[in-house]
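Undergrad:
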Amino acid sequence: MGPSPLLNFAEELLVEIFKGTGSRPYDRQKHLRTLSLVCQKFHRISAGMLLTSPCVHLYKTHELIRTYFDYPELAERAHTLELVNMSFTSRSDKPLGFTELYDLKSKLVLDSGLKAQCVEFIRSKKIMSKVIWIQNLDDDSLSACMAILLALLPNLRALYMGANSINEYPFFGAFTERRVMSIERYEKRHPKMDLSILLWPHIYFDDIFEAVWSKLHTLELPCDWNTSRSADRYWKRHMRRMSLRQLALPMNRDFGPSTDRDALEDWMTRSSNIIPPTV
Numbered sequence: 001m002g003p004s005p006l007l008n009f010a011e012e013l014l015v016e017i018f019k020g021t022g023s024r025p026y027d028r029q030k031h032l033r034t035l036s037l038v039c040q041k042f043h044r045i046s047a048g049m050l051l052t053s054p055c056v057h058l059y060k061t062h063e064l065i066r067t068y069f070d071y072p073e074l075a076e077r078a079h080t081l082e083l084v085n086m087s088f089t090s091r092s093d094k095p096l097g098f099t100e101l102y103d104l105k106s107k108l109v110l111d112s113g114l115k116a117q118c119v120e121f122i123r124s125k126k127i128m129s130k131v132i133w134i135q136n137l138d139d140d141s142l143s144a145c146m147a148i149l150l151a152l153l154p155n156l157r158a159l160y161m162g163a164n165s166i167n168e169y170p171f172f173g174a175f176t177e178r179r180v181m182s183i184e185r186y187e188k189r190h191p192k193m194d195l196s197i198l199l200w201p202h203i204y205f206d207d208i209f210e211a212v213w214s215k216l217h218t219l220e221l222p223c224d225w226n227t228s229r230s231a232d233r234y235w236k237r238h239m240r241r242m243s244l245r246q247l248a249l250p251m252n253r254d255f256g257p258s259t260d261r262d263a264l265e266d267w268m269t270r271s272s273n274i275i276p277p278t279v
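The opening residue of the sequence shown carries number 1 in the UniProt record's numbering; numbering runs sequentially from there.
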């Protein structure tokens with residue numbers, strides 16, 4: 001059997017063909033990895049597409065960062081990002097409880113070379129919270145790396161996080177307009193709320209998200225909001241105003257407590273630029 005006629009197609013045409021191999025980034029990534037094994041030409045095209053529309057596991061973000069440091073032109077071409085943690089477990093495959101998930105005690109281990117690159121990148125940013133950001137490389141490396149990854153993608157348009165639980169992502173604190181009230185007012189209005197959540201140690205995400213939200217067109221929220229926590233309902237009530245073309249809500253949105261449904265609907269009403277919301 002002779003070579004496939006596909007090998008004679010121009011690379012630009014093959015890119016368009018490969019784009020149709022899956023409707024969601026996660027599915028497309030699987031197909032692209034398979035295509036990359038066919039031949040050298042397919043490998044070159046698939047590798048470029050994998051890095052310009054990455055789908056990365058929660059505990060592999062540092063490896064993607066390493067690649068983008070080596071190939072910054074690919075980071076500039078990336079328009080979509082999907083973050084997944086399909087099993088809701090740590091790297092050791094041990095299921096995590098809420099506290100462990102929120103505090104992210106299972107840290108990423110950065111080698112000295114990558115850590116030095118991360119520190120240099122953070123120092124290049126014109127933000128006031130870079131000292132805290134650098135400190136988090138040691139005590140909360142996962143959060144620090146997620147912030148670096150988002151900051152590395154200047155042209156990000158779509159962010160998919162459906163295959164996750166919201167409490168795995170401290171950066172969801174940046175969704176909220178937390179600065180509208182002081183801690184003292186929080187204590188008066190929410191005397192039973194855990195103030196350790198409000199005393200947010202990831203303030204650098206505020207600066208990162210200021211740039212991200214202005215360009216984001218598509219947002220997929222995590223499928224599991226851990227609705228038993230009042231803090232999660234607080235996040236939904238006070239999420240920042242955004243201009244989206246597509247919003248994907250959690251699957252359990254219509255089946256959760258009425259307070260959760262009301263919170264999401266309130267946010268969608270306030271953020272009236274969302275057209276159309278996709279459930």
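Note that CB positions come from ideal geometry on N, CA and C, so glycine has one too.
To which residues of the same chain is Leu108 closer than 7 Å at the C-beta, ignoring the five residues directly before and after it?
TA: Closer than 7 Å at the Cβ level, and outside the excluded window around Leu108, lie Tyr59, His62, Ser141, Leu142, Cys145.
Undergrad: With 8 Å as the threshold, decide whether the Cβ of Pro72 is near any Cβ in chain B.
TA: Included in the structure is just one protein chain, with no chain B present.
Undergrad: Using only alpha-carbon positions, find the residue among Pro222, Gln246, Ala248, Lys215 that is nearest to His79.
TA: Checked all of Pro222, Gln246, Ala248, Lys215; the closest Cα to His79 is Lys215.
Undergrad: Taking 6 Å as the limit between beta carbons, can you name the residues of its chain near Ile127, skipping five residues before and five after?
TA: Contacts found: Asp207.
Undergrad: According to DSSP, which residues form a beta bridge with Gly56?
TA: The sequence shown places Val at residue 56, rather than the Gly named in the question. Answer is Leu83, bridged to Val56.
Undergrad: For Leu74, collect the residues of the same chain with a Cβ closer than 8 Å to its Cβ; drop the 5 residues on either side in sequence, then sort them by chain order.
TA: Gly48, Leu51, Thr52, Thr67, Tyr68, listed in sequence order.
Undergrad: Please list, in chain order, all residues of the same chain as Ala211 whose beta carbon is under 7 Å from its beta carbon, the five residues on each side excluded.
TA: Answer for Ala211: no residue qualifies.
Undergrad: Determine the contact status of Ala159 and Leu81, defining contact as a CB-CB distance below 8 Å.
TA: Here residue 159 turns out to be Leu, not Ala, going by the sequence shown. A contact, by the Cβ cut-off of 8 Å.
Undergrad: Per DSSP, Gln246 forms a beta bridge with which residues?
TA: Answer is Thr218.
Undergrad: What does DSSP give as the partner residues of Leu137 in its beta bridges?
TA: In the DSSP output, where bridge partners are listed per residue, Leu137 has none listed.
Undergrad: Helix, strand or coil for Ala158, going by three-state DSSP, please let me know.
TA: In this structure, Ala158 counts as strand in the three-state DSSP scheme.
Undergrad: Start and end of the alpha helix (DSSP H) containing Lys115?
TA: Where Lys115 is concerned, the enclosing alpha helix (DSSP H) stretches over 112-123.
Undergrad: Quick check: what's the CA-CA separation for Met161 versus His57?
TA: The alpha-carbon atoms of Met161 and His57 are separated by roughly 10 Å.
Undergrad: If we count the other Cβ atoms within 10 Å of its Cβ and call it buried at 16 or more, is Ala147 buried or exposed?
TA: Per the 10 Å Cβ criterion, buried.
Undergrad: So which of Ile134, Val84, Ser124 has the shortest CA-CA distance to Leu110?
TA: Among Ile134, Val84, Ser124, the Cα nearest to that of Leu110 is on Ile134.
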